[in-house]
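Everything below concerns the one structure shown next.
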Amino acid sequence: MIEKDNRPVHLNLLTINLPIIGISSILHRVSGLAVFVCFPLLVWLLGISLESEERFFNLQNLFQKMILFKVIIFLLFVGFVYHLLAGVKKILGEVFGIGETLKSGTILTWLIFGLTFAVSLIVLIDIFNLYEYFFVL
Amino acid sequence: MKMSKLGSGTKDFIIIRICAVLILIYSIYLAVSVFSADGINYKEWSSFFQSPINKILTSAFFVAFAIHTWRGTWAIATDYLTPKFFGNFSKYAYLTFRLFVAGVIALVLTWSFLIIW
Chain A
74 MIEKDNRPVH LNLLTINLPI IGISSILHRV SGLAVFVCFP LLVWLLGISL
124 ESEERFFNLQ NLFQKMILFK VIIFLLFVGF VYHLLAGVKK ILGEVFGIGE
174 TLKSGTILTW LIFGLTFAVS LIVLIDIFNL YEYFFVL
Chain B
10 MKMSKLGSGT KDFIIIRICA VLILIYSIYL AVSVFSADGI NYKEWSSFFQ
60 SPINKILTSA FFVAFAIHTW RGTWAIATDY LTPKFFGNFS KYAYLTFRLF
110 VAGVIALVLT WSFLIIW
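Each protein sequence line maps, in turn, to chains A and B. All residue numbers for the first sequence refer to my numbering, where the first residue is 74 and numbers rise by one. All residue numbers for the second sequence refer to my numbering, where the first residue is 10 and numbers rise by one.
Written as structure tokens, this is what we have:
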């Protein structure tokens with residue numbers, strides 16, 4: 074006979090000392106869901122961009138002028154890149170057993186965060202044209 | 010709530026990862042093909058999507074996207090839209106969320122195929 078499970082459940086994320094691996098895991102879900110929900114927008118943009126050269130050009134112009142448009146695309150890009158890298162980390166663990174201890178897992182997680190940050194920063198500098206603030210040429 | 014899975018747990022595990030790898034490879038392939046030092050131009054962008062091979066690969070990407078997200082959102086739904094968090098309402102929360110997901114996937118799939126083909 075299965076007894077009713079009365080063990081206390083404590084899932085208050087604000088009081089649990091969640092390790093960085095756990096935070097990364099939740100972010101993997103959040104980023105996946107966010108990119109999923111926003112995907113129709115990307116399909117819409119793909120459709121417009123392939124309609125004609127004029128519409129493609131208009132879209133490019135809008136992207137250059139409208140900050141909000143840039144910000145949304147940038148955030149989507151960050152979420153997608155993070156989700157991909159965190160997924161690669163997961164598969165590395167499952168297939169090759171890489172990063173399965175607490176120590177190596179923590180290092181790998183920071184590596185994923187660092188890579189996401191680096192790629193995002195490069196793209197941020199590029200699409201917002203911030204070269205002069207970051208590079209003294 | 011078993012109905013929303015793709016098959017057995019092991020089968021799901023493998024399918025979601027195969028789709029993930031397809032999405033990763035296609036994303037890199039697309040980025041490498043259309044981005045050049047001075048951004049994207051229409052000529053390269055449209056010729057990429059006109060090539061028959063790329064049409065097939067892009068379709069495969071969207072199918073992989075559909076399968077991957079259908080299973081991925083199932084994992085989220087069965088973890089959080091439960092009686093523990095939503096009580097008696099959880100069944101409706103779960104079904105509403107799954108319907109929403111099915112709608113988004115159907116929209117993305119039909120729309121993208123209309124664009125590609």
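C-beta: ideal position from N, C-alpha, C; glycine also.
Membership of Glu-167/A in the alpha helix (DSSP H) is indicated by the continuous run 140-169. Excluding residues up to 5 positions away in sequence, Leu-90, Phe-95 lie with their Cβ nearer than 8 Å to the Cβ of Ala-102/B in the same chain. For Trp-83/B, the nearest beta carbon of chain A is not closer than 9 Å to its own beta carbon. Just so you know, the alpha carbons of Val-144/A and Phe-169/A end up roughly 37 Å apart. Pairwise C-beta distances place the stretch 107-119 of chain B in contact with the stretch 72-85 of chain B, as three or more of them are shorter than 8 Å. For Arg-107/B, no CB of chain A lies under 9 Å from its own CB, so it is not counted at the interface with that chain. Sequence-ordered contacts of the stretch 90-113 of chain A with chain B read Arg-102, Gly-105, Leu-106, Phe-109, Val-110, Phe-112, Pro-113 [C-beta pairs closer than 8 Å]. Counting the other CB atoms within 10 Å of its CB gives Leu-108/B a total below 16, which places it among the exposed residues.
Under DSSP, the beta-bridge partners assigned to Ser-45/B are Gly-48/B. At a beta-carbon threshold of 8 Å, the residues of chain A lying near Val-117/B are Phe-112, Pro-113, Val-116, ordered along the chain. As the crow flies, the alpha-carbon of Phe-153/A is around 15 Å from that of Tyr-38/B. Closer than 9 Å at the C-beta level to chain A, one finds these residues of the stretch 38-58 of chain B: Gly-48, Ile-49, Asn-50, Tyr-51, Lys-52, Trp-54, Ser-55, Phe-58.
Chain-ordered listing is empty here: chain B has no CB closer than 8 Å to the CB of Phe-142/A, the nearest sitting near 15 Å. Within chain A, the C-beta atoms nearer than 7 Å to that of Thr-78/B come from Phe-109, in chain order. Distance check between Ile-195/A and each of Gly-160/A, Phe-150/A, Leu-114/A places Phe-150/A closest, using alpha-carbon atoms only.
Rounded to the nearest angstrom, the gap between the Cα atoms of Gly-172/A and Gly-166/A is 6 Å.
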